[in-house]
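Participant: Going by our numbering, the residue at position 61 of the sequence shown is 69; the numbering climbs one at a time, nothing skipped.
Idealized CB from N, CA, C, for every residue including glycine.
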Amino acid sequence: MKKPFEDRLDRLLSASLPERRNEVQRQIGKMKSEHAARGVLQSSMTVQRINEILGRELEARSIIIWQAIVRVHKIIGVDSGTDLADYFKALFRKYHDQSLTELTPIFEKETKNFRMSIPSNLQEVSNLAIKKHDIEIDLYMDSLGKSGEEKAKDQATTYNFYGAVGVVQSGAGAQANLVQNLGEPEKQDILSALEAIKAAIIEASSIDESSTTELVEIVNDSVSELSKTNPNNSRLRAFFDVLSGSIQSIASAGPAYQALKSALLPLGISLP
């Protein structure tokens, strides 16, 4: 019988990770269609993009796993006497390795008919993700060791990630600042999702004309902000929060919203 912590964690991740599978295939399919239209489908560029998509996906799943561990710990805790650092590292690696095992065959399947041989970099991405999260877990343990007075002063908890990720927001009052510049593939994924959301808003019959106009303006402002050399992360976060809260009631916007949610996750922005 599983421990309560492991049971809740397994159930939470079982509900969170499956939706990522369709997103991976969507991104690869979209990229291959674009490359086919440009006549470069059988090029090394396609293999490199598959590497990038799967690498970002592995990083995204790593974030989901760590967020889930922290969330379950804050709610139900762990049996006393447990070495939390070792326990959390083992759990993280368990689910992370499952993701790596799932994503590796996708690279092999998608590249098996290419004439050139370009290896997958998923193992390298995996090793770096484990190293980063080992540090995160140690820092989380340090935060738990603070005195009650110090904890009372903490209005929010910030979990830092590196590479393509700035920080992951967690809890009321938490602050997140994206410290890395957006890569072009990530930016295009977000822009495509925003365009799909705008189309769904315009076509929706469940919202009035005034609300439609306002939401379309927010989408346009988001696109404009993303086009800047140094986007204002606070403004973008505010735009995305408004959009996520407004369009979830629009049935036709569901796929577009999920696409935006997935596109933002590797950047450390987690929509509800």
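Name the residue from D249, Q256 and S254 whose alpha carbon lies nearest to the alpha carbon of L272.
Facilitator: On the sequence shown, position 264 is the one that residue 272 refers to. Comparing Cα-Cα distances from L272 to each of D249, Q256 and S254, the minimum goes to D249.
Participant: Just tell me which of V133, F13 and T237 has its CA closest to the CA of K195.
Facilitator: Here residue 195 refers to the residue found at position 187 of the sequence shown. Nearest C-alpha to K195: T237.
Participant: Helix, strand or coil: how does DSSP classify V231 here?
Facilitator: Counted from its first residue, the sequence shown places residue 231 at position 223. Residue state, collapsed to three classes: helix.
Participant: Can you look up T90 in the DSSP assignment and give me helix, strand or coil?
Facilitator: Start at 1 with the first residue of the sequence shown, and residue 90 comes out as number 82. Note: T90 maps to coil in three-state DSSP.
Participant: In three-state DSSP terms, what is P239?
Facilitator: Along the sequence shown, one-based indexing puts residue 239 at 231. Note: P239 maps to coil in three-state DSSP.
Participant: State whether the region 91 to 105 contacts the region 116 to 131, with contact taken as three or more CB pairs (one from each stretch) at a distance under 8 Å.
Facilitator: Too few Cβ pairs lie closer than 8 Å, so no.
Participant: Check whether the region 252 to 269 touches the region 25 to 43, taking contact to mean three or more Cβ pairs, one atom from each stretch, closer than 8 Å.
Facilitator: Yes, the region 252 to 269 is in contact with the region 25 to 43.
Participant: Per DSSP, what kind of secondary structure is G63 in: helix, strand or coil?
Facilitator: Here residue 63 refers to the residue found at position 55 of the sequence shown. DSSP places G63 in helix when its eight states are reduced to three.
Participant: What is the rounded straight-line gap between the Cα of F122 and the Cα of G47?
Facilitator: Stepping through the sequence shown from its first residue, residue 122 is reached at position 114. Stepping through the sequence shown from its first residue, residue 47 is reached at position 39. Their backbone Cα atoms lie some 14 Å apart in a straight line.
Participant: Rounded C-beta distance between I210 and T220? I'm assuming under 8 Å.
Facilitator: Taking the first residue of the sequence shown as position 1, residue 210 is located at position 202. Taking the first residue of the sequence shown as position 1, residue 220 is located at position 212. That belief holds up - the Cβ atoms of I210 and T220 are roughly 7 Å apart, short of 8 Å.
Participant: With a threshold of 8 Å, are at least 3 pairs of Cβ atoms found where one atom belongs to the region 83 to 99 and the other to the region 59 to 70?
Facilitator: Judged by Cβ distances under 8 Å, the region 83 to 99 makes no contact with the region 59 to 70, as fewer than three pairs qualify.
Participant: If you draw a straight line from the alpha carbon of A137 to that of L202, how long is it in whole angstroms?
Facilitator: Taking the sequence shown and counting its residues from 1, the one referred to as residue 137 is at position 129. Taking the sequence shown and counting its residues from 1, the one referred to as residue 202 is at position 194. Cα to Cα, the separation comes out at about 29 Å.
Participant: Here's a check: name, in chain order, each residue in its chain whose Cβ is nearer than 7 Å to the Cβ of I77, leaving out the five neighbours to either side.
Facilitator: By 1-based counting over the sequence shown, the position of residue 77 is 69. If we look at I77 and ignore the five residues flanking it on each side, its Cβ neighbours are L17, F96, L99 and F100.
Participant: Using 9 Å as the threshold, is the C-beta distance between I226 and L251 below it?
Facilitator: As a first step, residue 226 is located in the sequence shown; it is residue number 218 there, counting from the start. As a first step, residue 251 is located in the sequence shown; it is residue number 243 there, counting from the start. In this structure, L251 lies closer than 9 Å to I226 by Cβ.
Participant: So, under 8 Å CB-CB, Q56 and D197 are touching, yes? Tell me the CB distance rounded to an integer number of Å.
Facilitator: Taking the first residue of the sequence shown as position 1, residue 56 is located at position 48. Taking the first residue of the sequence shown as position 1, residue 197 is located at position 189. Wrong, their Cβ atoms sit about 16 Å apart, outside the cutoff.
Participant: Spatial neighbours of L25 within its chain, please: C-beta separation below 7 Å, excluding the five flanking residues on both sides.
Facilitator: If you number the sequence shown from 1, residue 25 lands on position 17. If we look at L25 and ignore the five residues flanking it on each side, its Cβ neighbours are R69 and I72.
Participant: Measuring only the C-alpha atoms, how far is I126 from M53?
Facilitator: Reading the sequence shown from its first residue, position 118 is the one you call residue 126. Reading the sequence shown from its first residue, position 45 is the one you call residue 53. In a straight line, the C-alpha of I126 is about 10 Å away from that of M53.
Participant: Express the C-alpha separation of N135 and M149 in angstroms, rounding to a whole number.
Facilitator: On the sequence shown, position 141 is the one that residue 149 refers to. On the sequence shown, position 127 is the one that residue 135 refers to. Approximately 21 Å, taken between the alpha carbons.
Participant: Using the beta-carbon count (16 or more within 10 Å), is E118 buried or exposed?
Facilitator: As a working note, residue 118 is residue 110 in the sequence shown. The residue is buried, with at least 16 neighbouring Cβ atoms inside 10 Å.
Participant: What residue from E192, S254 and P263 has the CA that sits closest to I215's CA?
Facilitator: For the purposes of this step, residue 215 is taken as residue 207 along the sequence shown, with counting starting at 1. Residue S254 is the option with its Cα nearest to I215.
Participant: When burial is assigned at 16 or more other CB atoms within 10 Å of the CB, is G181 buried or exposed?
Facilitator: Counting from one through the sequence shown, the residue named residue 181 turns up at place 173. With a pLDDT of only 39 at G181, under 50, the local geometry of the prediction cannot be trusted, and no value is derived from it.
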